[in-house]
Structure formats: C-alpha cells, structure tokens
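The numbering of the sequence shown is my numbering, which starts it at 11 and goes up by one. For every residue, glycine included, the Cβ atom is placed at its ideal position computed from N, Cα and C. Structure first, commentary second.
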Amino acid sequence: MREGTEESLRQACRERSLEESGSVLELKKRLLEYEFRQNAAPFSLRMESAQREDIILNHANFTEYMKDEGGDDLILLSGDVDLSYAGKKIRADRLSINADRSLITGSGNITFIDGRKVYEAESFYYNVETDEGTFFNARAHIDRFVYTGPIIKKVAESGKFVAEDVSITTCELKNPHYRVDADELYIYDDERVLIKNASVYYGSDPVFVFPYFYRNLKEPAIRSALFFRQRSGIVSQNTYYPVDSEEKSIRLMGDFYERLGIYLGTDYKSEPASGSSTRIGVSAAYSNKVYYDPDVTESWTPLSSTGTSEYGIKRYMRYRTGLNQKFMFSGNVHNVTELDLFWVSDPYYEYDFERRRERFDPFDFIGQAEYDEPRKGDGFTWRINNTLTYDTLLFSVKNSARFVPQRNTDVNEVYLYNYYENRIYSVTLPDVTLSHTKSLFNQSESAFFSGIDYRSSAGYSHLLYYDDSEVLSSEIHKGNTRIGMQKEYALARYVQFTPDVELGAQVQQHVDSSSSQLTDDRQNSLLYGRARENLTVGSSDLYLELFHDLKYKLYGSDDDFQYGSFRVHDLGIRGHAGSNVITERFTTSVDLRPVYNWTTGTYESLSLERERFSPFINTLTFTPFPTISMIDKLVYEIAQSRFNLNSFILKYESSALNLGKRPLTLGWELNWKHYFVNPVLDTLRSTFGVSAQVHPYWTLYLSVVSRNDDFWKYYKSGAEKVNPLVDLLKSFNFFNIEDRKESNFKLKGISLGFIHDLHDWEMKFDYTGNQELSPDGSRYIWNNTYSISIGLKDVKNLNIHTEFNEQRE
C-alpha cells in the first residue's frame with residue numbers, strides 16, 4: 011500500500027468495496043482508514059490475550075503483526091502513533107510492542123506523558139510491568155524544571171528519577187539564561203534531590219562548581235518571613251499549608267505589619283490533571299491609615315498628616331476576595347471556559363498585603379530593598395472567557411466589567427493613601443471572535459498554489475465607556491469580518507515576492523450619537539478590499555525591499571473622508587546592508603491617496619508633493635573594535651526638505667586593563683543629539699563607569715552620569731564660544747565648586763561603593779545619588795540611597811557601565 015502505484019491502489023479499493031475515485035493521496039488515506047478500522051479489533055484482542063487490556067491504541071497509520079527471532083509476538087505501529095496505558099500517554103513516529111515481555115520501544119519524536127511529568131526523546135524503551143524506562147537524547151519536564159541529557163531514566167513507579175550528563179533549567183529557550191550541568195541527578199519520591207559534580211552557568215559562563223548537592227524539596231507546612239518595608243515597617247508574614255499537593259492546596263495566612271496592622275487570609279486551589287481548575291481566595295486586614303510625612307523620622311507613619319489640627323491614628327477594615335474557575339473539555343473539540351470574579355477594597359491593598367514571601371532572608375531585614383511604587387488595584391472586575399478550538403478554527407467570547415483607579419481631585423498630595431479612588435471605566439459585553447486559518451493546496455503539484463496561507467475571521471463587540479464622574483459617556487457596537495490569503499514566492503535565487511490580498515467589512519454604531527460620533531461611525535462602516543505586496547531583492551546581509559499597501563472602500567455611505575474611498579495607499583522602501591563591522595538600515599514611504607472633492611464628486615489629480623513622504627531614517631552602526639562601537643541615526647524630513655535630527659552614540663567598553671597588578675575596567679558612553687532646525691536644543695549625555703580591584707577581595711567602583719543642555723555654546727557661531735574638553739573637565743573638578751557651577755555639564759547621578767569578594771558570593775556596599783526637581787519646581791534636590799546587599803557573583807567580563815548606570819537612571 012505504501013509503495014503502490016495509482017492503478018494498484020484503485021484495485022485495492024475495488025477489492026475492499028471502497029470508492030476508487032480521487033488522487034493518490036486520497037486513495038492511500040481511504041485505504042489506511044479502512045485497514046485501521048479492520049485492525050483495531052485484532053489489536054485489542056491481542057492485548058486481551060496477553061492480559062494487557064490497559065494498553066489502548068488510539069491511532070496509527072500502519073499496524074503490522076510479526077514474530078521476532080525468539081518467537082515473541084510483536085506489534086509494529088508507525089505513523090502518528092497515539093497509545094494510552096494506565097493513565098499514561100505515548101506518542102511517537104514508530105512503536106514496537108512485545109506483549110509477551112511487557113516491553114514497549116519507540117523512535118522518532120517520542121512524547122511520554124505521566125501525570126505532570128513529560129518526557130521527550132529521540133528513542134526510548136519502557137517496561138510496562140515495572141513502570142521503568144530509559145529515554146535517549148531526552149528532555150524531561152518535571153514541575154517547573156526542564157532536564158536535558160543523553161540518557162534519562164524513569165526508575166520504579168513515581169519513586170526515582172535518574173539522569174546522566176544532565177542539564178537543568180527553568181528557562182524554555184534553546185540557549186537558556188542559566189543552567190546547571192551535572193554528571194548525575196537523582197530525584198526520590200518527588201521530594202529529595204541529589205546532584206553529583208554540578209556546575210552552575212549564567213549564560214555560557216561558569217559561576218561555581220560543587221561536587222555534591224542534596225536538598226529536601228518538600229517545603230515545611232509553616233513558612234515564615236521577616237523583612238522591612240518603608241511603608242509597612244517591620245513585616246512578619248506567616249503561611250501555613252494544611253493541604254499541599256500537585257492537584258490541591260489550602261493556604262492560611264497571618265501577618266503583622268508594624269505600621270499598618272494585622273492581616274488574615276485563606277485561599278483554596280484545585281488543579282486536577284484534566285486541566286480544569288478552581289481558585290478561591292478571601293483576605294482582610296484591620297489596618298491603620300498610613301501617611302507619608304517628611305517631618306516624621308520614619309517617613310511613613312500611621313499618624314495623621316501635619317496639616318490636621320491634632321495627630322491621631324485612624325483604623326479601618328480592608329479586604330480582598332476573588333474566584334477563578336476554569337473548565338476544560340477535550341476531544342475532537344477543545345473548549346476552555348474561564349470565569350473570574352474579583353473585588354478589592356482599595357487600590358493600595360495588593361501593594362500592602364499581597365506581596366508575600368515564605369522564607370527568611372536576613373538581608374531583606376538589614377536593608378530596605380523595595381523602591382517600587384504602589385501598584386494600583388482594579389476594584390471590582392468580572393470576566394468570562396470562552397475559547398473553542400477545532401483544528402484551525404478558533405472561537406472565543408470575552409466579557410469584562412472593569413474598575414480602574416482614577417485620581418481623586420480633592421487630594422493634592424500624591425503620597426496620601428486616598429490619592430486614588432476606584433471609578434468604573436469601561437464595560438465590554440460581549441466580545442466575540444471567530445477565526446480560522448489553514449494552509450491550502452499543500453498537495454498541489456503547482457508551485458503557484460501550493461502552500462497558500464488562508465485566514466478568515468469575524469467579530470462583534472459591545473462597549474460602554476464612563477467618564478470620571480461615573481456617567482455613561484458613550485456606547486458602541488462594533489462588528490467586522492474578513493477573508494485573506496498570502497504566499498511567499500521565490501522568483502529567483504535572491505528575489506522574493508510576497509502578495510497578500512484581503513476582503514473585509516466593518517461596521518460601527520454609537521448609541522445616541524453626536525454629530526462627530528456619527529461621522530466616525532460612517533468612516534468605520536464599510537466593505538473594503540486590501541492588497542499588500544512585498545518585493546525583496548538580495549540576501550539576509552544585503553537586501554532592498556519595496557512594499558505597497560492599498561486599502562480601498564468598495565461600498566458604504568458618504569462619510570466626508572478626505573481621501574474618499576482610499577483608506578490606505580502607501581508605497582515604501584527599506585534597505586539593509588550588514589557585516590560584523592558595519593551595518594546600515596534605511597526606510598521611507600509615500601502616501602499615494604488622492605484628495606476627494608465631495609462637492610464635485612471627483613478625485614483631484616495626484617501630485618507627489620514633499621508633504622506626502624514620511625521621514626527618511628538612516629541608521630548606521632560601526633564597530634571597528636570589540637571595545638568600541640558607534641551608532642548614528644539620521645532623520646531627514648522630506649516634507650520640509652531638511653535634516654531634522656541626528657543622534658550619535660559613541661561607546662567604549664574596555665577589556666580588563668591592569669593598574670599595577672590590579673585589574674581595572676572602564677566604560678564610557680557619549681550620546682549627542684543634534685537638532686538641525688534649532689541647535690539650541692542640542693544635548694550631550696555622558697555616562698562613565700570605572701571599577702578597580704584595590705585588594706584581592708575588595709573592588710571599588712564609581713559611575714557618573716552628566717548631561718549638557720547648552721551644547722550649542724561649543725559651536726563657532728555661538729555667542730559664548732566654549733572649549734568642550736575644558737568644560738567637561740571642569741565638571742569633574744570636585745575641589746572647586748565654581749568650576750562645577752560654570753561647567754555646562756551638570757551632574758545628574760552618581761553611584762559608588764565597594765564589592766567584597768566572598769568566593770562564589772559577593773557583598774555590595776552602595777551609595778547612589780540622583781538629582782531631581784523639587785515638588786514645587788523651585789530647586790534641585792538630591793535623592794540619596796544607601797544599601798547593603800549580597801548575592802551570587804555576576805557573569806565574568808561584566809560591563810560596569812550597564813550594571814551601575816542604566817539601571818539607576
């Protein structure tokens with residue numbers, strides 16, 4: 011059947027009383043389906059005779075029965091094999107079942123699913139009787155970790171997991187951000203892990219090595235954390251899990267916050283293997299109203315603001331409750347329905363109480379390390395999502411009503427607790443989308459039609475918008491549908507053409523619309539056609555691309571649109587040339603829509619005025635040495651026939667230098683923005699970083715950020731000609747305040763400190779100062795931050811500029 015000619019396949023169909031019309035592929039498919047139906051019963055009977063009724067064949071393109079050299083009965087399955095056994099699922103290109111010895115072997119795209127453990131391999135063998143198996147060139151997903159290795163062993167039922175020459179990570183990327191390479195890894199009862207000869211890598215750089223590592227992965231029932239936060243003071247968070255398994259957990263929480271008060275909460279989570287899930291959570295806090303006051307030593311205090319007549323502590327109940335329910339139904343049709351209900355008492359609740367920790371870290375207690383602003387909650391939200399999938403058909407229904415925090419205009423101080431209050435903003439009920447994608451004519455012998463990508467979609471939404479006074483401001487009904495096709499054609503070795511055609515319709519209707527909304531409805535209610543073409547000439551390193559986009563209104567009411575039926579009509583060009591040393595890119599486009607005269611009902615003649623062209627943007631990157639790079643971005647306004655902006659960046663990143671016997675690292679970036687029209691707006695930004703090892707275990711670092719907003723004074727035509735080098739050096743003269751005042755380079759930030767080497771770890775003592783405008787705008791003030799931290803060493807060859815400057819701007 012697999013090697014048969016068209017005539018022999020038709021003869022086979024006649025012998026089986028099957029329809030004999032159709033192509034060769036249709037004949038093969040018809041015969042395969044028939045043989046599968048005929049052989050499904052023999053397979054189940056053979057499993058029954060071998061007392062292995064729990065092995066169920068779901069699908070295979072080919073089934074063969076034979077005996078091996080020892081006389082054992084073998085069942086050979088090939089082609090999209092899908093097998094189920096005792097709650098496990100096996101998929102492969104080819105499987106061999108020895109029912110007499112209870113052995114299953116396979117090769118090609120192996121996927122072995124055992125509960126929440128997923129093994130992927132090139133080949134494997136598995137003993138059904140002992141529930142043990144070996145996977146070759148394998149990848150295993152267990153909990154949140156991914157294990158890869160040439161050999162991974164599954165030993166005994168849920169008892170032991172063994173991997174040799176294994177790589178471990180939680181990153182799904184082909185080249186993970188970090189990984190642990192080990193000679194051997196053992197996991198016992200999903201709780202205890204033993205690793206032999208392990209090396210920890212960050213990127214491709216080794217961080218440290220240890221011969222043995224053992225840990226009990228089972229968390230204690232009660233988990234506590236003690237730390238400090240500016241707004242909360244000293245925080246004690248305690249979490250208890252009376253039930254904690256993969257499928258079900260119950261969590262009880264009880265916390266104390268020095269400045270806020272007490273907090274109690276509980277939540278329940280159920281995630282069975284079927285994919286459906288339930289999450290319910292309730293929590294409440296008897297909390298102080300906390301204010302920010304610069305006159306109070308602690309800054310954040312439960313005492314009322316100094317603007318009040320007398321101090322006092324005000325307390326109130328705060329709460330949060332929520333339900334998330336997801337239903338999943340699988341089969342020929344895959345359906346997921348999710349219901350989400352959520353209510354929070356105030357925008358600061360999650361920021362104050364829901365950021366939880368379950369372990370004690372002394373450095374969280376020593377130094378306050380959280381500088382993020384309060385995350386504002388959403389008030390009450392409900393949402394129902396339904397997604398229905400069949401083959402390439404996608405159907406979804408989404409509904410939502412959302413509260414978002416709006417500014418309370420009665421409060422001027424942004425740091426007061428009631429600066430934000432909940433106001434309803436929008437409601438979407440419903441939002442329905444139906445889409446379908448498919449690759450057409452894949453079996454066609456015509457290269458013109460084969461592999462055309464087809465897409466279609468339809469949607470409807472009903473939206474309600476509210477203003478800041480909680481008054482309904484607008485109600486809109488929207489609908490759309492479209493059908494499109496796209497294909498890439500290789501016209502020659504270095505020529506590629508990609509056409510994309512689309513036919514669609516869209517409609518929009520405001521309820522009780524105003525005159526402007528009525529015009530907007532007319533302009534967004536139409537039947538249209540759209541054509542997009544891309545022509546690319548060249549290779550990936552050197553190419554020129556022409557692109558064209560036309561969207562034309564085919565039918566619709568008069569809408570006074572400036573360009574009549576032409577909604578989009580752009581013609582553009584992109585270019586790219588690159589190597590390891592130099593790369594250049596440019597782009598521009600022109601608007602080809604003719605202006606429509608609604609009085610005469612005719613289009614005006616099209617002329618390519620400069621105003622129709624988008625800016626010409628050219629980006630040049632030059633890297634003459636590994637330590638030096640230059641990036642120049644030039645913007646030319648074709649509409650005004652003039653250059654608008656040039657941004658030039660010069661970067662220096664040194665390799666390790668030596669100061670005597672001690673290594674020294676330098677990094678410097680200069681960023682000059684030149685405005686051709688108004689050079690007075692030119693700016694020059696300097697970012698400098700240096701680190702030096704002053705002792706085998708101590709490294710001193712310094713980073714300085716400055717900006718010059720008076721760069722125009724360095725030009726020859728400037729009224730006050732200044733030497734830029736002398737001006738820059740003056741900004742670093744910390745021994746003469748007048749020089750620093752006179753310099754046009756103004757210091758915007760500084761960071762300095764020591765790093766203490768602790769072998770695989772390092773301790774950092776850091777000071778960071780940033781210049782900021784005072785709230786009243788009358789002066790500049792320094793925001794000083796002192797911190798002590800400890801952590802694993804960073805990757806070798808660290809760019810000091812990146813670490814100590816860009817993260818602190």
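{"Asked": "Residue burial classification, S615 (beta-carbon count within 10 angstroms, cutoff 16)", "Found": "exposed"}
{"Asked": "Same chain, Cβ closer than 8 Å to S286, five either side skipped, listed in chain order", "Found": "K336, F337 and M338"}
{"Asked": "Residue from N780, A515, H766 and G779 whose Cα sits closest to the Cα of S799", "Found": "H766"}
{"Asked": "Extent of the continuous alpha helix (DSSP H) to which P734 belongs", "Found": "P734 to S741"}
{"Asked": "Residues sharing a beta bridge with Y222, DSSP", "Found": "K206"}
{"Asked": "Span of the alpha helix (DSSP H) around Y361", "Found": "Y359 to F363"}
{"Asked": "Other residues of its chain near S454: CB distance less than 7 Å, five sequence neighbours each side excluded", "Found": "S460"}
{"Asked": "Check whether A231 and Y250 have beta carbons under 8 Å apart", "Found": "yes"}
{"Asked": "Supposed close pair S598, G582 - CB separation, criterion 8 Å", "Found": "Looking at the sequence shown, residue 598 is not Ser but Thr. About 6 Å separates the two Cβ atoms, so the contact holds."}
{"Asked": "Option nearest T15 by Cα separation, candidates K38, R24, E25 and E29", "Found": "K38"}
{"Asked": "V700 burial status per 10 Å Cβ neighbour count (16 or more: buried)", "Found": "buried"}
{"Asked": "Completely contained beta strand (DSSP E) runs for the segment 52–137, where each covers 3 or more residues", "Found": "65–69, 72–77, 83–95, 98–108, 113–124 and 127–137"}
{"Asked": "Buried or exposed (CB count within 10 angstroms, at least 16 for buried), Y430", "Found": "Any answer about Y430 is weak, because its pLDDT of 45 lies below 50 and its placement is not dependable; what the coordinates show is given next. The residue is buried, with at least 16 neighbouring Cβ atoms inside 10 Å."}
{"Asked": "Residue environment, E748, which counts as buried when at least 16 other CB atoms sit within 10 Å", "Found": "exposed"}
{"Asked": "Range of the contiguous alpha helix (DSSP H) that encloses A22", "Found": "E16 to E25"}
{"Asked": "Three CB pairs or more closer than 8 Å across the segment 583–592 and the segment 616–626", "Found": "no"}
{"Asked": "When Q781, I462 and N607 are compared against V714, the one with the closest alpha-carbon", "Found": "Q781"}
{"Asked": "Contact between the segment 674–693 and the segment 651–658 (3+ Cβ pairs under 8 Å)", "Found": "yes"}
{"Asked": "Euclidean distance between Cα positions of L545 and L556", "Found": "5 Å"}
{"Asked": "Opposing strand residues paired with F698 [DSSP bridges]", "Found": "W678 and V714"}
{"Asked": "Test item: CB-CB of I107 and I123 under 8 Å", "Found": "no"}
{"Asked": "Per-residue burial, Q247 [other beta carbons within 10 Å of its own, 16 or more giving buried]", "Found": "buried"}
{"Asked": "Residue(s) in a DSSP beta bridge with T343", "Found": "Residue identity differs from the one stated: residue 343 is Val in this sequence, not Thr. Answer is none; V343 lacks a bridge partner."}
{"Asked": "Closest by C-alpha distance to L694, when choosing among E663, N754, D193 and K164", "Found": "N754"}
{"Asked": "Rounded separation between H344 and I394 - CA only", "Found": "17 Å"}
{"Asked": "Close-in-space but distant-in-sequence residues of the same chain around G566 (CB under 7 Å, 5 per side omitted)", "Found": "S535, L536 and L537"}
{"Asked": "Pairwise C-alpha distance: D191 and L262", "Found": "37 Å"}
{"Asked": "Strand pairing of V176, partner residues [DSSP]", "Found": "A192"}
{"Asked": "Nearest-angstrom beta carbon gap, I627 and V645 [assumed within contact, 8 Å]", "Found": "5 Å"}
{"Asked": "3-residue-minimum beta strand (DSSP E) runs that sit fully inside the segment 257–303, ordered along the chain", "Found": "258–267, 271–280 and 287–298"}
{"Asked": "Contact the segment 502–514 vs the segment 468–488: 3+ CB pairs below 8 Å", "Found": "no"}
{"Asked": "Paired residues, beta bridge with D776 - DSSP", "Found": "G763 and S797"}
{"Asked": "Nonlocal neighbours in the same chain, by C-beta distance under 7 Å from K740, ignoring five residues either side", "Found": "D749, R750, E752 and S753"}
{"Asked": "Per-residue burial, L195 [other beta carbons within 10 Å of its own, 16 or more giving buried]", "Found": "buried"}
{"Asked": "Nearest candidate by alpha-carbon position, reference R365, set G489, V521, L28 and L236", "Found": "L236"}
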